[in-house]
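In our numbering, the protein residues as written are 45 to 467.
Think of the CB as a built atom: it goes at the ideal place given N, C-alpha and C, for glycine as much as any other residue.
Read through the structure below, which is laid out as structure tokens, and then see the notes.
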């Protein structure tokens, strides 16, 4: 019997570890176009707007899947969802790596977005039902720290590999790994953990009323708006435009620009862990979010200005930008803690969809605005934009960040516990 008990104690951690690895791939796929943007532009001979659409395809389907994913993990459980998602994402990545045309590349990115869209919400559900509530933000931060290894790999390492061996083999290998993780999720993840065994069973006939309850809850929306503004700006720029901006505006070598991107991702990874831990230890959500989002918005104004900085200062600024970006990671806890515990999947998915929706709209919009100001300059088959064109694009992203910071003042303080009560 003691051996069985020990196994039951280990199972939630083992399942969470496998899902965290799948989350690494999700982050890698999300930000990979940024590390190889020049290669994609050359391979498919695209304009900035078309390149924006290629990158944003992931976000379109990811956004549309957030609420359905929340419903599915609350009803069917995360096991089936994770396994199917891994298979779809794996085949999509392989298709993207093999795609000879832009249309097939778009189809591959669509499948990738569809497949990985379930990973994060399923991971939040596993944490919510398998571990103590007071550790929720800390565990989310740890998983974000691990997941961000994928974003770090999508920066300088992917750029270096793409220049030496080509980018296509990377995505084919990523797809194969995704298929393997899908099998592991099916084998190791369980829909209900021992920690949740005594919880009331979710009434599947109450799906619509449960979703409406989350949407009608005014306390849900400040967290969703902060997520929209902060993560929307992050996904838009870090997901595609950072390397071209630094190369064309500040004259950096591609390796130096990719290193900036990796520092942004690395700062975000570290920030997610420490901001979540800080919030849990302080027993407060709102002050931490306000401080992080306002620092984030100020840095965006500096980026918009296009002012030149010494390389070491620029590196430090992007690392700080990453730490400040992590402020939006608390929005999932804020949304979860003002809604019924059994609707944790729906509440976190509602908060999560805004940022992906913003990126889906803003990535091609930024490219379109830049194309309007393009003066016809080309270099190695890739369009070159001057500072004025970049300011037009970055200005849109900066406004998004400022709106997210403003929304932080309306966050409902939960003191790191669920404060929902039946009407």
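Q) Is the stretch 377 to 387 close to the stretch 445 to 458, with three or more CB pairs under 8 angstroms? A) yes
Q. Taking C-beta to C-beta, are residue 232 and residue 59 nearer than 9 angstroms?
A. Here residue 232 is taken as the residue at index 188 of the chain shown, counted from 1. Here residue 59 is taken as the residue at index 15 of the chain shown, counted from 1. Cβ distance < 9 angstroms, so residue 232 and residue 59 count as in contact.
Q.
Checking the sheet assignment: what are the DSSP bridge partners for residue 394?
A. Locating residue 394 in the chain shown gives position 350, counting from the first residue. Residue 394 pairs with nothing; no bridge assigned.
Q) Closest by CA to residue 360, which one among 343, 349 and 173? A) Working through the chain shown from its first residue, we reach residue 360 at position 316. Here the closest residue by C-alpha is 343.
Q: Identify, in the order they occur along the chain, each residue of the same chain with its Cβ nearer than 7 angstroms to the Cβ of residue 107, setting aside the five sequence neighbours on each side.
A: Here residue 107 refers to the residue found at position 63 when the chain shown is read from its first residue. Excluding residues within five positions, the ones whose Cβ falls inside 7 angstroms are 397, 400, 401 and 404.
Q: To the nearest angstrom, report how far apart residue 97 and residue 85 are at their CA atoms.
A: Sequence index remark: in the chain shown, residue 97 carries index 53 (1-based). Sequence index remark: in the chain shown, residue 85 carries index 41 (1-based). Their Cα atoms are separated by approximately 12 angstroms.
Q) Curious, which full-length alpha helix (DSSP H) runs of at least 4 residues does the stretch 108 to 161 contain? A) 122 to 142 and 146 to 160
Q. Exposed or buried, residue 422, counting other C-beta atoms within 10 Å across all chains shown (16 or more means buried)?
A. For the purposes of this step, residue 422 is taken as residue 378 along the chain shown, with counting starting at 1. By the 10 Å Cβ count, residue 422 comes out exposed.
Q. Can you tell which of 415, 430 and 384 has the C-alpha that lies nearest to the C-alpha of residue 91?
A. Taking the first residue of the chain shown as position 1, residue 91 is located at position 47. When only C-alpha atoms are compared, the closest one is 415.
Q. Can you tell me whether DSSP reads residue 423 as helix, strand or coil?
A. Position 379 of the chain shown holds residue 423. Residue 423: strand per DSSP, three-state reduction.
**Q.** Option nearest residue 226 by Cα separation, candidates 466, 302 and 159
**A.** If you number the chain shown from 1, residue 226 lands on position 182. Closest by alpha carbon: 159.
Q | DSSP-derived helix/strand/coil call for residue 309 | A | On the chain shown, position 265 is the one that residue 309 refers to. The answer is helix: DSSP assigns residue 309 an H, G or I state.
Q. Using DSSP with H/G/I as helix, E/B as strand and the rest coil, what is residue 300?
A. As a first step, residue 300 must be located in the chain shown, where it is residue number 256. The answer is helix: DSSP assigns residue 300 an H, G or I state.
Q: State buried or exposed for residue 255, treating a residue as buried only when at least 16 other CB atoms are found within 10 Å of its CB.
A: Within the chain shown, residue 255 is the residue found at index 211, counting from 1. Buried.
**Q.** Closest Cα partner of residue 210 within the set 87, 317, 170 and 299
**A.** For the purposes of this step, residue 210 is identified with residue 166 of the chain shown, where counting begins at 1. Among 87, 317, 170 and 299, the Cα nearest to that of residue 210 belongs to 87.
Q: Express the C-alpha separation of residue 132 and residue 124 in angstroms, rounding to a whole number.
A: In the chain shown, counting from the first residue as 1, residue 124 sits at position 80. In the chain shown, counting from the first residue as 1, residue 132 sits at position 88. Approximately 12 angstroms between the Cα atoms of the pair.
Q.
Using beta carbons (cut-off 9 angstroms, strictly below), is residue 377 in contact with chain C?
A. Here there is only one protein chain, and chain C is not present.
Q: Return helix, strand or coil for residue 244, following the three-state DSSP convention.
A: Taking the chain shown and counting its residues from 1, one reaches residue 244 at position 200. Residue confidence is low: residue 244 scores 40 on pLDDT, short of 50, so the model does not pin down where it sits. Its coordinate-derived value is still stated next. Note: residue 244 maps to coil in three-state DSSP.
**Q.** Cα-Cα separation, residue 191 to residue 275
**A.** Numbered from its first residue, the chain shown carries residue 191 at position 147. Numbered from its first residue, the chain shown carries residue 275 at position 231. Distance between the alpha carbons of residue 191 and residue 275 is about 15 angstroms.
Q. Under a Cβ-count criterion, where at least 16 other Cβ atoms within 10 Å of its own Cβ denotes burial, should residue 354 be classed as buried or exposed?
A. Translated into positions along the chain shown, residue 354 becomes position 310. Answer is exposed; the Cβ neighbour count stays below 16.
Q | Range of the contiguous alpha helix (DSSP H) that encloses residue 294 | A | For the purposes of this step, residue 294 is taken as the residue at position 250 of the chain shown. Element bounds for residue 294: 286 to 294.
Q: May I ask you to report which of helix, strand or coil DSSP gives residue 353?
A: Counted from its first residue, the chain shown places residue 353 at position 309. Note: residue 353 maps to coil in three-state DSSP.
Q: Using only the heavy atoms of the ligand FAD, determine whether one of them is closer than 8 angstroms to the beta carbon of residue 67.
A: No copy of the ligand FAD appears in this structure; indeed no ligand is present at all.
(Q) Let me make sure I understand the geometry here. Which of 295, 386 and 282 has the alpha-carbon closest to that of residue 442? (A) As a first step, residue 442 must be located in the chain shown, where it is residue number 398. Closest by alpha carbon: 282.
Q: Determine the DSSP secondary structure at residue 56, reduced to helix, strand or coil.
A: Against the chain shown, residue 56 aligns to sequence position 12. Reduced to three states, the DSSP call for residue 56 is helix.
Q.
If distances are taken between C-alpha atoms only, which option among 278, 419 and 430 comes closest to residue 367?
A. Here residue 367 refers to the residue found at position 323 of the chain shown. Among 278, 419 and 430, the Cα nearest to that of residue 367 is on 278.
Q. Between the C-alpha atoms of residue 309 and residue 164, what's the straight-line distance to the nearest angstrom?
A. On the chain shown, residue 309 is found 265 positions in, with the first residue counted as 1. On the chain shown, residue 164 is found 120 positions in, with the first residue counted as 1. Approximately 17 angstroms between the Cα atoms of the pair.
Q. Got a sec? Which residues, its chain only, sit under 6 angstroms from residue 109 by beta carbon, not counting five neighbours each side?
A. Residue numbering aside, residue 109 sits at position 65 when the chain shown is read from its first letter. Here the set comprises 161.
Q. Mapping DSSP to helix, strand and coil, what is residue 61?
A. Counting from 1 along the chain shown, the entry for residue 61 is found at position 17. DSSP places residue 61 in helix when its eight states are reduced to three.
Q: Alpha carbon to alpha carbon, how far is residue 221 from residue 80? Give it in angstroms, no decimals.
A: Stepping through the chain shown from its first residue, residue 80 is reached at position 36. Stepping through the chain shown from its first residue, residue 221 is reached at position 177. Computed Cα separation, rounded: 20 angstroms.
Q. If we ignore side chains and look at the alpha-carbon of each, how far apart do residue 390 and residue 130 end up?
A. What you label residue 390 is simply residue 346 of the chain shown in a count that begins at 1. What you label residue 130 is simply residue 86 of the chain shown in a count that begins at 1. Cα to Cα, residue 390 sits roughly 21 angstroms from residue 130.
Q: Can you have a look at residue 245 and say buried or exposed, based on whether 16 or more other CB atoms are within 10 angstroms of its CB?
A: Working through the chain shown from its first residue, we reach residue 245 at position 201. Summary for residue 245: the model assigns pLDDT 47, below 50, so the residue's position carries little reliability; its value from the coordinates is reported in the next sentence. Residue 245 should be labelled exposed.
Q: Give the straight-line distance between the Cα atoms of residue 239 and residue 229, rounded to the nearest whole angstrom.
A: Reading the chain shown from its first residue, position 195 is the one you call residue 239. Reading the chain shown from its first residue, position 185 is the one you call residue 229. Reliability fails at residue 239, whose pLDDT of 39 lies under 50, so the model's placement of it is uncertain and no value is given.
Q.
Can you list, in chain order, the residues of its chain with a C-beta nearer than 6 angstroms to that of residue 154? Leave out the 5 residues immediately preceding and following it.
A. The count along the chain shown starts at 1 and reaches residue 154 at position 110. Contacts found: 101 and 105.
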